[in-house]
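Chemist: Can you keep this structure in mind? I'll have questions shortly.
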Amino acid sequence: MKIKKILKNIFYLFFPLVIGGLVGFIIKDYIDYDTLVKPLLAPPKILFPIVWTIIYLLMGISYWLLNEKYKDDITYESIIYYIQLFINAMWSIIFFLLKWRLVACIWILLLDLFVIYMIYLFYRKYKLSGILNFLYLGWILFATYLTIGIYILN
């Protein structure tokens with residue numbers, strides 16, 4: 017029983033990081049960030065994996081904390097969490113692999129809405145779980161600006 021709980025905790029903590037790493041591996045040969053005309057304030061490419069690693073870890077910690085505190089009473093929050101994680105992962109595939117820049121603009125707006133809603137749900141249940149996702153929200157709002165700017169400029 018103890019091993020099962022440890023494995024479950026590891027899953028909660030690192031699942032976002034694993035998904036992000038898997039998507040990164042899938043799209044690595046298709047990332048054309050350096051060749052795109054970018055809007056003002058666009059960061060260097062090296063910053064993205066650093067920031068996403070931190071965000072994915074914070075996301076995993078926030079979900080793990082919520083699970084520790086509420087266990088079986090977060091079914092709806094869990095559904096929203098996994099939906100936003102799926103939307104997040106698919107954005108990179110849409111933007112870099114498929115190069116569907118307009119679709120990526122719409123998709124990231126959908127991600128913004130789901131993340132805002134997820135934070136609201138987490139915060140309502142357990143404040144720290146919501147707060148741990150504030151960096152995530154700030155980063156995807158910035159990514160929204162970059163996505164729309166890249167679409168317009170290219």
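Per our numbering: the sequence shown ends with 170, consecutive numbering throughout.
Using N, Cα and C, we set each Cβ at its ideal position, and we do this for glycine too.
Computed from a prediction, not measured in an experiment: that's the story for all the values here.
Would you report the Cα separation of Ser108 and Tyr49, rounded to the nearest angstrom?
Modeler: 12 Å
Chemist: When you compare only the Cα positions, how much space is there between Trp68 and Gly36?
Modeler: 8 Å
Chemist: Quick check: Ser78 and Leu148, are their CB atoms within less than 7 Å of each other?
Modeler: yes
Chemist: Enumerate, from N- to C-terminal direction, the unbroken alpha helix (DSSP H) stretches of 4 or more residues contained entirely within the region 52–122.
Modeler: Restricting attention to alpha helix (DSSP H) runs no shorter than 4 residues, the region 52–122 encloses them at 63–86 and 91–108, ordered along the chain.
Chemist: If you reduce the DSSP assignment to three classes, tell me which class Tyr136 lands in.
Modeler: Three-state result, Tyr136: helix.
Chemist: Once DSSP output is grouped into helix, strand and coil, what is the label at Leu183?
Modeler: Coverage of the chain is limited to positions 17 through 170, which leaves residue 183 absent and any answer about it impossible.
Chemist: Of all the options Ala120, Leu101 and Leu113, which has the alpha carbon lying nearest to the alpha carbon of Ile132?
Modeler: Nearest of Ala120, Leu101 and Leu113 to Ile132, Cα basis: Leu101.
Chemist: In terms of alpha-carbon separation, which member of Asp89, Thr160 and Tyr92 lies closest to Ile122?
Modeler: Residue nearest to Ile122 within the set Asp89, Thr160 and Tyr92 is Thr160 (criterion: CA-CA distance).
Chemist: Under 7 Å, do Ser145 and Leu74 count as touching if we go by C-beta distance?
Modeler: no
Chemist: Buried or exposed: where does Pro32 fall if 16 or more other Cβ atoms within 10 Å of its Cβ makes it buried?
Modeler: buried
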